[in-house]
Amino acid sequence: MVKIVKFGGSSLADAHQFKKVGDIIKSDPDRRFVVPSAPGKRFKDDIKVTDLLYKAYNAESEQEFECTFDTIKDRYQSIIDELNLTVDLTEEFEVIKKNFQDQISEEYAASRGEYLNGILLANYLGFEFVDPATCIFIDEHGNYDDKKTDPVLSKKLSEVENCVIPGFYGSCSEDPTKIRTFSRGGSDVTGSIVAKCGQVKLYENWTDVSGFLVADPRIVKNPEVIGTITYKELRELSYMGASVLHENAVFPIRSQGIPIVIKNTNKPEDAGTLIVESTVHKPDHIITGISGKQGFATIMIEKDMMNDEIGFGRKVLQVIEEAGLSYEHTPSGIDTMNVIVELNSFIEHEQEILANLHRAVEPDSIELESDLALIAIVGRGMKDGRGVAAKVFTALANKKINVKMIDQGSSELNIIVGVKNIHFNDAIRAIYNTFIEQE
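Quick note: the sequence shown, position 52, residue 52 per the UniProt record's numbering, numbers continuous.
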């Protein structure tokens, strides 16, 4: 059973972690394709290599550039020295330095962390190194171009027994000489692309936690690990802030039905979380997970007889679209329509949007509220559960938390509630206690 394994930055932060990764890969010959991230933090106040690369590229003085660049070089050299690797990065750093000084592109700069780590890991494992710039293509919107990528990458993977292919970056669909990156955490997406094109049976995603947790451990003390979760549930939780796996990581493999398992590099014996297309596995609880984000604004539009006006909602959303914003939810009443948007993006276009809304739909009034957090309660078990929304309301009411909005999808897979930012953590804890600890 061919497997692809992806290792996050914390799993490859130093030589000690490299050895753990090597042991994991060598323990199973089916682990043929490896996707590494750039070195992450070695300790709490350490700086990730990707952040150092951004800092070097945007340095305001030659002294700052040289100092930061030397720090980056030292990170990789320490790994080489401690592992006694037979690789010399001198020429690579000379090329990178020149390209930085020529200000080639920030995406190129950010990608060099994965690129260099891939070279080291390939040397350590004795695997072939495959540069994704030659076989993964990313369009102008930062999305993977499957039509260009799939035939090229599939052919390459069929020709190698084992390989290391760095995550996070590829080349521009329109100009293959230019490096382009996915959004932060995009190595997860690379792993999915390799899984699809390599026709693997399992995608192992190794990180520093033993699976996907029901809630954020920074908010809930010792939350349970989710045993099995579906692609749809994962997508909902990731989009709303759960950060173990990139929210777009399921798209390349969803059509193939390839399962993903989240594993802990530091505790490889732990079962982890299995992510699947669908399952008859009965969940342990009615809900699968809880996640959320703070920092939203609500545009509250009121107009008498709104429900009789054809195209009202379309006109409102067109104004939002023309400002270059996306919306989160649109809870509405007979004479009211609320549009929830990301606050920081909205602030930049606030007065423009308000003026355009007045022109487009001639409302009786428009009010704004900027103190909103959204919490997603997600679970395939909710479809067959009774009174889930009522239990959410009760849990929050018992903590004297007012619900500002609620939105439940027709799939009955999730419920979104809005609360004040100040109540965000308490609300998540209250929901967790009700659905997990008290069940």
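Where is the CB? At the ideal position from N, CA and C, for every residue including glycine.
Here the structure is a predicted model, which means the values were calculated and not measured.
Buried or exposed (CB count within 10 angstroms, at least 16 for buried), residue i
i           : result
residue 351 : exposed
residue 423 : buried
residue 180 : buried
residue 141 : exposed
residue 368 : exposed
residue 191 : buried
residue 427 : buried
residue 217 : exposed
residue 30  : exposed
residue 67  : exposed
residue 398 : exposed
residue 382 : buried
residue 13  : buried
residue 337 : buried
residue 344 : exposed
residue 159 : exposed
residue 386 : exposed
residue 177 : exposed
Test item: CB-CB of residue i and residue j under 7 Å
i           : j           : result
residue 440 : residue 289 : Given a span of 1 to 439 for the chain in the structure shown, any question on residue 440 remains unanswerable.
residue 2   : residue 200 : yes
residue 417 : residue 406 : yes
residue 371 : residue 402 : no
residue 166 : residue 252 : no
residue 436 : residue 285 : yes
residue 375 : residue 339 : no
residue 373 : residue 294 : yes
residue 257 : residue 277 : yes
residue 211 : residue 273 : yes
residue 353 : residue 323 : yes
residue 144 : residue 83  : no
residue 164 : residue 122 : yes
residue 484 : residue 208 : Coverage of the chain is limited to positions 1 through 439, which leaves residue 484 absent and any answer about it impossible.
residue 113 : residue 59  : no
residue 414 : residue 378 : yes
residue 431 : residue 390 : no
Residue i, enclosing alpha helix (DSSP H) - first and last residue
i           : result
residue 351 : 343-361
residue 92  : 90-101
residue 424 : 424-432
residue 315 : 312-322
residue 393 : 388-398
DSSP three-state assignment for residue i, whether helix, strand or coil
i           : result
residue 38  : coil
residue 205 : strand
residue 111 : helix
residue 304 : coil
residue 72  : helix
residue 220 : coil
residue 374 : strand
residue 249 : coil
residue 337 : strand
residue 298 : strand
residue 277 : coil
residue 289 : strand
residue 162 : coil
residue 32  : strand
residue 181 : strand
residue 330 : coil
residue 228 : strand
residue 309 : coil
residue 193 : helix
residue 12  : helix
residue 325 : coil
residue 65  : helix
residue 367 : strand
residue 152 : helix
Segment limits, beta strand (DSSP E) that includes residue i
i           : result
residue 135 : No beta strand (DSSP E) holds residue 135; DSSP gives it neither H nor E.
residue 171 : 169-172
residue 235 : No beta strand (DSSP E) holds residue 235; the alpha helix (DSSP H) holding it covers 231-239.
residue 262 : 260-264
residue 407 : 405-408
residue 508 : There is no way to answer for residue 508, as the model of the chain reaches only from 1 to 439.
residue 55  : Taken as a continuous stretch (DSSP letters only), residue 55 belongs to no beta strand (DSSP E), being part of the alpha helix (DSSP H) at 49-57.
Residue i Cβ short of 6 Å to the ligand FAD heavy atom set
i           : result
residue 236 : For the structure depicted, the ligand FAD is absent and the ligand set is empty, with no information on it obtainable.
Next on the checklist: Could you check whether the segment 62-77 touches the segment 200-209, counting it as contact only if at least three pairs of C-beta atoms, one from each stretch, sit closer than 8 Å?
Outcome noted: no
Next on the checklist: Could you check whether the segment 223-235 touches the segment 182-192, counting it as contact only if at least three pairs of C-beta atoms, one from each stretch, sit closer than 8 Å?
Outcome noted: no
Next on the checklist: Any contact between the segment 9-19 and the segment 115-134? By contact I mean 3 or more CB pairs, one from each, below 8 Å.
Outcome noted: Three or more Cβ pairs drawn from the segment 9-19 and the segment 115-134 lie within less than 8 Å of each other, which places the two stretches in contact.
Checklist entry - With a cut-off of 8 Å, do at least 3 Cβ pairs link the segment 98-111 to the segment 143-155? => result The count of Cβ pairs closer than 8 Å, one atom from the segment 98-111 and one from the segment 143-155, stays below three, leaving the stretches out of contact.
Checklist entry - Is the number of C-beta pairs between the segment 23-34 and the segment 47-59 that are closer than 8 Å three or more? => result no
Next on the checklist: Contact between the segment 126-139 and the segment 85-100 is defined here as three or more beta-carbon pairs at a separation below 8 Å; is this criterion met?
Outcome noted: no
Checklist entry - With a cut-off of 8 Å, do at least 3 Cβ pairs link the segment 314-334 to the segment 357-371? => result yes
Checklist entry - Can you find at least 3 beta carbon pairs, one from the segment 164-179 and one from the segment 133-142, that sit closer than 8 Å? => result yes
Checklist entry - Does the segment 256-274 touch the segment 13-21, meaning 3 or more C-beta pairs lie closer than 8 Å? => result yes
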